[in-house]
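Here the structure comes first, spelled out in structure tokens, and everything after it is commentary.
There are 2 protein chains.
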Amino acid sequence: MSASIEDVAKRAGVSIATVSRSLRGLPDVAASTRDRVVTAARELDYVASPFAARLASGRSSTLGVVVPFINRWFFAEVLGAVETVLSAAGYDLLLHNLGDSDGRERFFSMLPVRKRVDAVLVVSLALSDYEVEALSSLELPVGVLGVKHPGLFSVRIDDVAAARSAVRHLLSLGHRRIALIGGDTDDPMRFTPPHHRGTGYRDALTDAGIDVDPALEGLGYFTVAGGEAAMLQLLALDERPTAVFAESDEMAYGAMRTIRRAGLRVPYDIAVVGFDDHATAGLLDLSTVRQPVAEQGALLARGLLASLAHDTEPSDLVLDTELVVRGSTVPAASVYAQVGSGD
Amino acid sequence: MSASIEDVAKRAGVSIATVSRSLRGLPDVAASTRDRVVTAARELDYVASPFAARLASGRSSTLGVVVPFINRWFFAEVLGAVETVLSAAGYDLLLHNLGDSDGRERFFSMLPVRKRVDAVLVVSLALSDYEVEALSSLELPVGVLGVKHPGLFSVRIDDVAAARSAVRHLLSLGHRRIALIGGDTDDPMRFTPPHHRGTGYRDALTDAGIDVDPALEGLGYFTVAGGEAAMLQLLALDERPTAVFAESDEMAYGAMRTIRRAGLRVPYDIAVVGFDDHATAGLLDLSTVRQPVAEQGALLARGLLASLAHDTEPSDLVLDTELVVRGSTVPAASVYAQVGSGD
DNA sequence: CTGTTAGCGCCTTCAT
DNA sequence: ATGAAGGCGCTAACAG
């Protein structure tokens, strides 16, 4: 077996208590003593057994991170940022991927993070009362990304306002018949974005005095393929839209593809705005709403770590988004005429 | 605090040893006793403290998973599959994302998984001797995905053969001037695919009696943007290629985009083959080499778990790949003529 | 089949 | 500034 604290103590000629104090950087240790201990530890290639330390201290230096689908761009991006923060702080990251509603149910009923993490970070789930209660029963700091819950830490963007700004952009270009490609608000996994971004879309239209037309709202399920299919339906309408707001860039990609396949041009026949500013949005010249993805994850992770260190109160942080106008949006065809007539 | 094993023991009227045995499903416990214990545990909402259990047993029921970049499609896909297997088996997953060569260096020198996992799973890294030695020093089962190392478990595909089949496909269509868009073989992160797939490309050409032309090998860095840039250079050649083999679908997407932007047609002016059968390859009608991504992760995870359970010997599993021909590859223009002339 | 009893390796008072 | 000693909560012989 590898070296234990006692081996180090013997080699340094001190007690195990002093070894513990020295190696953890606690005060009240003579510099010379600490040096001897550190040297001995290095020579023995010693690292403390985390389990023994956790059992004795009650702290686990571990964060539980819960994501709905690890293999989607947004979640992977968040996870990467969280991992960076945690590993820099010497924390372990226990990963839980829900996958589907069964996995979700299993997670919240079993709570596999019980007695093994100091805090939990949940990404982009609209939590039910039951789920919030389950998390609260852990009596740990809990952070949620994307939603606000009383008593929980949160970092998010204002999805409603962000969506509104995207649709307003289209309105300002003269578009009046604007479609929505969104997620399923009845999805069993209950993501937060579909609700909020859909609301922002409708708000913007209403504010502009335009009636909301349910026929213009397609379901894209946050995938490229879904965006493609949704756009196909929209093109089949008697009066097709002149612009589309997709609740994610990936759905926007699908929509653009369908539009072009139908022999129409983006943006001249149909303008498209996405949401996220996904890595390839620039390449595809897609106008979109940029949100700070990694930053949300990093800030939430840091907030939780800070709370563990100083017992801070739950906070709610709302980050800014930014409309990025690229080539996929231009004035509606109808506007050219109006402008030409000097309106 | 929450209930401990002693609370359960008292409530069930047995000793803590019996509680331990009952709850872990060990033999030699009377059914009636076990029932009482299980009931008591449920009533108290008891779960064993993993740290105490780990300290006492020496087993951690935890796997360390190391990925180069969590936010790339391939790794996220693998990670998802691994997580599914582990959580089903009651194992915890400790995630380590290397990110860059600094992170990599840090991981292998500090070995933050030390004393906290039962096995380690490393994804797609060409390990240096030093790194293999570091992993071996853990004296744990180690699995690597994508490469073979003596003494380590591995699951992989035959990258050389797979790449060769893709290039052969182009050759069989009559293409003679075939470009490669690959990863940087000098990349400090040293992925395994660039080496092997590049070799397969060159082998296929050589086998067909075609000289390998370094000018036809572009660097796409496994990103869409990189593929785009590499293709731009290839188009600038005096004699441009009639076909391209990209070592990943994402690079192929970039290449296709550049080709079209240049006013050329895929596949008629330039045929494109990718690698992976990425989720959107079908949508983009890209011919490619399908590899079982999630399956590789799942099999490796299961192999490691099996090794923990039965102390099996390290195994090396090579999974099949499959050439998926779609619309991005057709016979070279030159071939039409030949066919037309009755050749 | 069940109970007793050492540890597992460290942290943390409490003394000194 | 350092040491001694009692847990932390469980597992794993060993008895019986």
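Taken in sequence, the protein lines are chains A and B. Numbered per UniProt numbering, the first sequence finishes at 343, counting up by one with no gaps. Numbered per UniProt numbering, the second sequence finishes at 343, counting up by one with no gaps. Glycine is no exception: its CB is placed at the ideal position from the N, C-alpha and C atoms.
CB contact check: valine 85 of chain B to chain A, cutoff 7 Å = Position 85 of the second sequence, counted from the first residue, corresponds to residue 85 of chain B. Contacts with chain A at 7 Å (Cβ-Cβ) do not include valine 85 of chain B.
How would you list, in chain order, the residues of chain A whose beta-carbon sits under 7 Å from the beta-carbon of lysine 115 of chain B?
-> As a working mapping, residue 115 of chain B is identified with position 115 in the second sequence. Contacts between lysine 115 of chain B and chain A, judged by CB atoms closer than 7 Å, involve Val47, Ser49, Pro50 in chain order.
From the DSSP output, in three-state form, read off serine 15 of chain A for me.
-> Along the first sequence, one-based indexing puts residue 15 of chain A at 15. Coil.
Please name the residue in B:Leu86, B:Ser137, B:Val117 whose C-alpha comes closest to that of serine 109 of chain B.
-> Taking the first residue of the second sequence as 1, we reach residue 109 of chain B at position 109. Ranking B:Leu86, B:Ser137, B:Val117 by Cα distance to serine 109 of chain B puts B:Ser137 first.
What in chain A is Cβ-close to valine 224 of chain B, meaning under 8 Å?
-> The residue you call residue 224 of chain B lines up with position 224 of the second sequence. In chain order: Ala279, Thr280, Leu283.
Going by CA-CA distance only, name the one from A:Leu235, A:Asp186, A:Leu140, A:Thr223 that's closest to residue 398 of chain A.
-> In the structure as shown, chain A begins at 1 and stops at 343. Residue 398 of chain A is therefore absent and cannot be evaluated.
Quick one, which residues of the region 65 to 80 of chain B are near chain A if we go by CB-CB under 7 Å, in chain order?
-> Ile70, Asn71, Ala76, Glu77, Leu79, Gly80
Shorter than 7 Å from the beta carbon of arginine 54 of chain B to some beta carbon of chain A?
-> By 1-based counting over the second sequence, the position of residue 54 of chain B is 54. It does: the Cβ of arginine 54 of chain B has a partner Cβ on chain A nearer than 7 Å.
Exposed or buried, histidine 96 of chain A, counting other C-beta atoms within 10 Å across all chains shown (16 or more means buried)?
-> As a first step, residue 96 of chain A must be located in the first sequence, where it is residue number 96. Counting Cβ neighbours within 10 Å, histidine 96 of chain A comes out buried, since at least 16 surround it.
Boundaries (first-last residue) of the alpha helix (DSSP H) holding phenylalanine 107 of chain B = Counting from one through the second sequence, the residue named residue 107 of chain B turns up at place 107. Bounds of the alpha helix (DSSP H) holding phenylalanine 107 of chain B are 101 to 110.
Three-state secondary structure assigned by DSSP to valine 37 of chain A = In the first sequence, the residue the question calls residue 37 of chain A occupies position 37. If DSSP states are grouped into helix, strand and coil, valine 37 of chain A belongs with the helices.
Run down chain A in chain order and give the residues with a C-beta less than 7 Å from the C-beta of glycine 99 of chain B.
-> As a first step, residue 99 of chain B must be located in the second sequence, where it is residue number 99. Near glycine 99 of chain B (Cβ distances below 7 Å), the residues of chain A are Thr84.
Kindly indicate which three-state DSSP category serine 57 of chain A falls into: helix, strand or coil?
-> Here residue 57 of chain A refers to the residue found at position 57 when the first sequence is read from its first residue. Looking at serine 57 of chain A - three-state DSSP - the assignment turns out to be helix.
Run of the alpha helix (DSSP H) containing valine 224 of chain A, from where it starts to where it stops | On the first sequence, residue 224 of chain A is found 224 positions in, with the first residue counted as 1. That run of the alpha helix (DSSP H) goes 224 to 235.
Using the C-alpha atoms, what's the distance from glycine 174 of chain B back to alanine 337 of chain B?
-> Working through the second sequence from its first residue, we reach residue 337 of chain B at position 337. Working through the second sequence from its first residue, we reach residue 174 of chain B at position 174. Bear in mind that the predicted position of alanine 337 of chain B carries a pLDDT of just 47, short of 50, making it unreliable; the figure below should be weighed with that in mind. Just so you know, the alpha carbons of alanine 337 of chain B and glycine 174 of chain B end up roughly 11 Å apart.
Per DSSP, which one or two residues make a beta bridge with serine 154 of chain B?
-> Working through the second sequence from its first residue, we reach residue 154 of chain B at position 154. B:Val144, B:Asp316, per the DSSP bridge assignment.
Boundaries (first-last residue) of the alpha helix (DSSP H) holding threonine 199 of chain A | Counting from one through the first sequence, the residue named residue 199 of chain A turns up at place 199. That run of the alpha helix (DSSP H) goes 193 to 207.
May I ask you to verify whether the region 278 to 297 of chain B touches the region 216 to 231 of chain A, counting CB pairs closer than 8 Å and requiring at least 3?
-> yes
Taking 8 Å as the threshold, find out whether the region 155 to 168 of chain A comes into contact with the region 90 to 106 of chain A through three or more Cβ pairs.
-> no
At least one CB of chain A closer than 7 Å to the CB of aspartate 92 of chain B: is that the case?
-> Position 92 of the second sequence holds residue 92 of chain B. Output row for aspartate 92 of chain B: interface = yes.
Any C-beta of chain A sitting closer than 7 Å to the C-beta of leucine 180 of chain B?
-> By 1-based counting over the second sequence, the position of residue 180 of chain B is 180. No, no contact with chain A.
Using a C-beta to C-beta distance shorter than 9 Å, which residues of chain B count as neighbours of arginine 257 of chain A?
-> On the first sequence, residue 257 of chain A is found 257 positions in, with the first residue counted as 1. By Cβ distance, chain B contributes Leu283, Leu284.
Report the residue ranges of all beta strand (DSSP E) runs contained in full by the region 60 to 88 of chain B; include only those spanning at least 3 residues, in chain order.
-> 62 to 67
Helix, strand or coil: which one does DSSP assign to arginine 176 of chain A?
-> For the purposes of this step, residue 176 of chain A is taken as residue 176 along the first sequence, with counting starting at 1. Coil at arginine 176 of chain A, not helix or strand.
Nearest to arginine 290 of chain B by alpha carbon, out of B:Phe74, B:Val37, B:Pro50?
-> Walking along the second sequence from the start, residue 290 of chain B turns up at place 290. Nearest C-alpha to arginine 290 of chain B: B:Phe74.
Alpha helix (DSSP H) segment containing leucine 219 of chain A, residue limits = Mapped onto the first sequence, residue 219 of chain A falls at position 219. Taken as a continuous stretch (DSSP letters only), leucine 219 of chain A belongs to no alpha helix (DSSP H), being part of the beta strand (DSSP E) at 217 to 219.
Chain A within 7 Å of leucine 234 of chain B, Cβ atoms only | The residue given as residue 234 of chain B occupies position 234 in the second sequence. So, not an interface residue.
So which residues on chain B does glutamate 228 of chain A lean against when the C-beta distance must stay under 8 Å?
-> Along the first sequence, one-based indexing puts residue 228 of chain A at 228. Within chain B, the residues near glutamate 228 of chain A are Leu283.
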